Amino acid sequence: WGDLGHETIAWIAQSYVSSTTASAIKDILGLTQSDYMANVSTWADTYRYTSGGRWSAPLHFIDANDSPPSSCSVEYSRDCGSTGCSISAIVNYTSILLDDESSDTTRYDAMKFLIHFIGDLHQPLHDEALDVGGNDINVTYDGDHTNLHHIWDTEIVEQLADGASAESFAKNLTASIKAGSNGWDVNSWLDGTTLNDTLSTAITWAKEANGYVCSDVLSAGIDAVEKGDLSGSYYKAHFDVARVQIARAGYRLGAWLNLIFTGKT
Ligand code: DCM
Ligand code: DCM
Ligand code: DCM
Ligand code: ZN
Ligand code: ZN
């Protein structure tokens with residue numbers, strides 16, 4: 064996701080963390096301000112473009128080697144890669160936060176990475192290898208020439224927020240989560256979420272996101288998205304996927320941090 068997506072996810076998570084969890088996060092980050100999570104949610108995207116941070120670039124995604132739109136799947140051993148992926152990163156940074164022996168600086172980076180990578184894991188094209196996660200699929204959006212990955216990271220999310228700040232977009236989505244609007248079955252959003260098995264939890268979340276590559280993102284194939292302007296009927300047909308995935312990411316990030324710091328969601 065772009066900045067708006069990551070910041071919105073962080074604001075949603077902030078409304079689901081307990082006061083004990085919030086204090087622990089603020090302590091690790093050394094922040095006291097109201098936007099303590101949103102404030103660090105995009106750091107990982109700046110860091111990966113620095114020479115010292117280039118190692119972390121593969122941790123933003125998992126390249127599922129499936130065949131959309133006919134077949135979608137994520138297989139950790141097939142897809143994670145020798146330099147790591149979003150799933151191995153979530154496992155690693157969760158274990159650092161759970162370990163009493165971790166140093167303050169290790170925990171600081173782990174917190175910033177975890178806030179970002181749980182977000183990215185929910186962007187369907189961050190769970191897809193085809194055409195470099197859609198980066199090599201040229202599309203037009205609102206008259207601009209861009210690529211399919213970018214419109215799912217940014218343009219679709221911005222159209223959805225309709226000029227709202229991340230904080231107010233998050234308020235809107237949090238209200239929908241509480242009301243179970245949009246047909247959202249929120250009671251099922253933590254199915255398979257367990258601190259006893261971070262790997263299987265992250266795989267469950269990745270498979271769900273990857274499934275949307277077949278059902279929505281590329282449901283009509285590559286040729287179909289290379290034609291026309293996707294800010295019209297394509298947006299209308301698929302914006303609900305971006306919306307539910309941002310809502311789920313925020314809700315799960317909050318629950319996950321509660322599990323880490325209090326043992327309960
Ligand atoms: N980005 C950046 N610097 C660049 C290129 C892109 O900060 N040289 C940002 C733009 C998007 C974000 O990276 O907001 C997308 O990354 P991801 O989806 O991994 O969060
Ligand atoms: N990306 C991805 N899968 C890949 C490569 C990149 O999901 N195999 C994502 C990371 C950024 C965006 O695509 O959000 C652009 O990446 P880069 O700046 O590395 O080209
Ligand atoms: N959902 C949505 N938009 C979609 C697919 C699903 O808003 N395109 C919501 C409605 C469902 C929930 O997510 O209650 C779970 O959907 P699924 O079973 O398709 O994952
Ligand atoms: Zn991206
Ligand atoms: Zn990222």
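If you're matching positions, the sequence shown starts at 64 in this note's numbering and goes up one per residue. Each residue gets a CB set at the ideal place from its N, CA and C atoms; glycine is no exception. Bear in mind the structure is a predicted one, so any value in this text is a computation, not a measurement.
Asked, Found
"For residue 299, tell me which candidate among 316, 235, 232 and 220 has the shortest Cα-Cα distance.", "220"
"Quick one: is the Cβ of residue 25 within less than 6 Å of any heavy atom of ligand 4?", "The structure shown does not extend to residue 25, since the chain spans only 64 to 328, so no value can be given for it."
"Does the beta-carbon distance from residue 329 to residue 64 come in below 7 Å?", "An answer regarding residue 329 cannot be provided, because it is not within the stretch 64 to 328 covered by the chain."
"So is the beta-carbon of residue 212 under 6 Å away from any non-hydrogen atom of ligand 2?", "yes"
"Please list the segments of the alpha helix (DSSP H) lying wholly inside the region 107-146, counting only runs of 4 or more residues, in order along the chain.", "139-142"
"Roughly how many angstroms lie between the CA atoms of residue 233 and residue 277, to the nearest whole one?", "27 Å"
"Any chance the CB of residue 195 is under 6 Å from a heavy atom of ligand 2?", "yes"
"Which residues bound the alpha helix (DSSP H) around residue 220?", "219-224"
"What do you get for residue 109, buried or exposed, if any count of 16 or more other CB atoms within 10 angstroms of its CB means buried?", "exposed"
"List in chain order the residues whose CB is within less than 6 Å of at least one heavy atom of ligand 5.", "107, 108, 123, 179 and 183"
"Taking only runs that begin and end inside the region 269-328, name each unbroken beta strand (DSSP E) of 3 or more residues, in chain order.", "none"
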